[in-house]
Amino acid sequence: MTTGLRWALIGASTIARERIVAAIRAAGGNIVAVQSGNLERAEAFAADFALPLATQHLAEAVANADAVYISSTNAQHCAQTLQALDTGCHVLCEKPIAIDLADARRMIAAAGAAGRILAVNHHLRHNAVHRKIRDCIVSGQIGTPRAVIISNAGWLPGHLRGWRLSGPGAGIVLDKTVHDIDLLRFLLASDPRSVSAAFSGPNGEPPHAIMGILDFGPTLSAQFHDDFDAPFGQTRLEVIGDAGRLIAEDCLSGRPAGSLTLHDQSGPHILSIAHHDPYAALIDNFQQAARNGAPIAASGRDGAIALATALAAIQSATTGSRTQIENLP
Ligand code: NDP
Numbered sequence: 584m585t586t587g588l589r590w591a592l593i594g595a596s597t598i599a600r601e602r603i604v605a606a607i608r609a610a611g612g613n614i615v616a617v618q619s620g621n622l623e624r625a626e627a628f629a630a631d632f633a634l635p636l637a638t639q640h641l642a643e644a645v646a647n648a649d650a651v652y653i654s655s656t657n658a659q660h661c662a663q664t665l666q667a668l669d670t671g672c673h674v675l676c677e678k679p680i681a682i683d684l685a686d687a688r689r690m691i692a693a694a695g696a697a698g699r700i701l702a703v704n705h706h707l708r709h710n711a712v713h714r715k716i717r718d719c720i721v722s723g724q725i726g727t728p729r730a731v732i733i734s735n736a737g738w739l740p741g742h743l744r745g746w747r748l749s750g751p752g753a754g755i756v757l758d759k760t761v762h763d764i765d766l767l768r769f770l771l772a773s774d775p776r777s778v779s780a781a782f783s784g785p786n787g788e789p790p791h792a793i794m795g796i797l798d799f800g801p802t803l804s805a806q807f808h809d810d811f812d813a814p815f816g817q818t819r820l821e822v823i824g825d826a827g828r829l830i831a832e833d834c835l836s837g838r839p840a841g842s843l844t845l846h847d848q849s850g851p852h853i854l855s856i857a858h859h860d861p862y863a864a865l866i867d868n869f870q871q872a873a874r875n876g877a878p879i880a881a882s883g884r885d886g887a888i889a890l891a892t893a894l895a896a897i898q899s900a901t902t903g904s905r906t907q908i909e910n911l912p
C-alpha cells in the first residue's frame, strides 16, 4: 500500500456515504473536506464522518487536497472535473465520466494539459471474481473466448429513484450499461466495434431496461441485460470459450462478493476467490498512480470508451439499427 493522499469529496452522495469514505480510509487516504450544493447536507455528512470541512464551494473544498472524488449527479461530472483539474488536483470521477462525448474529450485533454490523473470509478475491474476470470482467460483455461453474457438486472431502491429516472444523464444505460461495457473491455482486452440494442420495460423516458449485443470481431460477441425494475435473483456473468466455460454469480454489485465455477473437460471446478473491497483496491491503485506513476486501472479514456459505447447503444435502441462505436484515440 502507498502513502495516502488528501482527498476532497465533491458530492454528499449515497455512494460516498456507503462505500467511498470507508474505502479511502482503508487505503490510507485522509478526507479533508466535503462539498455539497446544500450546506446543511454537507455539514451533516461532515459530522457523520468526522470531516474537518463542509462547504458549498469546490474551490474551498480542494484548498488542502491532492485529489478529489466526484460523485455528484452525472450531468455535473464534467464541469466539476475541469474545475478540480484547474486547481491542480488529481480527479477520480464517478461513472459515467460525462453525459456527452465532447465533454469527456475535454476532460481527458484538460487532465493531460495539467499533468494530473483522471480516473473513473469503474470498480468492477477490482472485484476479485473478475480478476480471476481475466487470469483464466489469459492463461488459456477456457481456450479462445467466443461469447460473454452479462445479466446485470436488479431492483433500484426507492431512495435512488430520483435523478436516475428523469433529467439529463438519467436512464439505465448511463447507470449500469457503462459498467458492463468497461468490465467486458477489461476481461477481453479488446474494444467493441458496434452494438445492437433494444429498450425494454415500461414505455416512456428514460429507459429502465436494455438488452444488447456488442460486436468484438468476427469470432467474439457479448450480450448484456440491465434493468432497474427486476426484483429477486442475482447478477450473473458467463464467459464461453472453445475449451471451457466460466460462470460467475452475484459478482456485479459493489460488495466484495461473487462465486466462480470453471467447466471444462474434467468437469465443474469451483474456484476459490480471495475477496477484498473493490473500492478500496481502486483507491489504492489511484493513490499509487498519483504517488509512483503506477498505471491507472480505469483511466479517463476507459471512461470515455464506455460512454461512447453506451451512447451508441442508446442510438441503436432508438433507431432500431446496428450502430458503429465512435473511436477514441
Ligand atoms: P445520490 O443521489 O445519492 O447523490 C447524487 C447527488 O444528489 C449528491 O451529490 C447530492 O448533491 C444530491 N443528493 C444526495 N442526497 C440528496 C437528498 N437527500 N436530497 C437532495 N439531493 C440529494 O447519488 P449516488 O450516490 O447514487 O450516485 C452519485 C454518482 O455516483 C452518480 O454519478 C452515479 O452514477 C455514481 N455511482 C457509482 C457507483 C459505482 O459503483 N461506481 C455506484 C453508485 C453510484 P450535493 O452533493 O449537491 O449535496
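For the working numbering, count along the sequence shown from 1 and bump the result up by 583.
Just so you know, even glycine gets a beta-carbon here, dropped at the ideal spot from N, CA and C.
Residue i CB to nearest heavy atom of the ligand NDP below 7 Å
i: N868; result: no
i: G745; result: yes
i: S773; result: no
i: I764; result: no
i: T656; result: yes
i: D683; result: no
i: I598; result: yes
i: R624; result: yes
i: N613; result: no
i: K715; result: no
i: H640; result: no
i: A605; result: no
i: E677; result: yes
i: G784; result: no
i: N704; result: yes
i: A893; result: no
i: N875; result: no
i: N621; result: yes
i: A780; result: no
i: G837; result: yes
i: G723; result: no
i: D833; result: no
i: A610; result: no
i: A595; result: yes
i: D669; result: no
i: D933; result: Nothing can be reported for residue 933, as the shown portion of the chain is limited to 584 through 912.
Bounding residues of the alpha helix (DSSP H) (the contiguous stretch that carries residue i)
i: A629; result: L622 to F632
i: C661; result: H660 to D669
i: N868; result: P861 to N875
i: I691; result: L684 to A697
i: Q898; result: G883 to T902
i: L766; result: V761 to L771
i: V721; result: A711 to V721
i: A753; result: First-last for A753: undefined, no H or E at that position.
i: A605; result: V604 to A609
Residue burial classification, residue i (beta-carbon count within 10 angstroms, cutoff 16)
i: E743; result: Checking the displayed sequence, the identity of residue 743 turns out to be Leu instead of Glu. L743 comes out exposed.
i: T906; result: buried
i: A685; result: exposed
i: D631; result: exposed
i: V721; result: exposed
i: I853; result: exposed
i: E677; result: buried
i: A591; result: buried
i: A772; result: exposed
i: Q848; result: exposed
i: P679; result: buried
Chain D contact for residue i (CB, 8 Å cutoff)
i: L641; result: Included in the structure is just one protein chain, with no chain D present.
Counterpart residues of residue i in DSSP-defined beta bridges
i: E909; result: DSSP lists no partner for E909.
i: V822; result: V731 and L829
i: S919; result: Outside the shown range of the chain (584 to 912) lies residue 919, about which nothing can therefore be said.
i: P851; result: H846
i: F782; result: I793
i: W738; result: D812
i: A650; result: W590 and H673
i: S804; result: A730 and D798
i: T988; result: Nothing can be reported for residue 988: it is not among the residues displayed for the chain, which extend from 584 to 912.
8 Å contact criterion, which residue i and residue j should meet: CB distance rounded
i: A616; j: T638; result: 6 Å
i: A863; j: A606; result: 4 Å
i: L890; j: A687; result: 5 Å
i: L843; j: I823; result: Wrong, their Cβ atoms sit about 14 Å apart, outside the cutoff.
Segment limits, beta strand (DSSP E) that includes residue i
i: R838; result: Looking at the DSSP string, R838 is not in any beta strand (DSSP E), and its letter there is neither H nor E.
i: L675; result: H673 to C676
i: A616; result: N613 to Q618
i: V645; result: Premise fails: V645 is in no beta strand (DSSP E) and is neither H nor E.
i: A702; result: L701 to V703
heavy atom of the ligand ADP below 7 Å from residue i C-beta
i: S855; result: Ligands present in the displayed structure are limited to the ligand NDP, and the ligand ADP is not among them.
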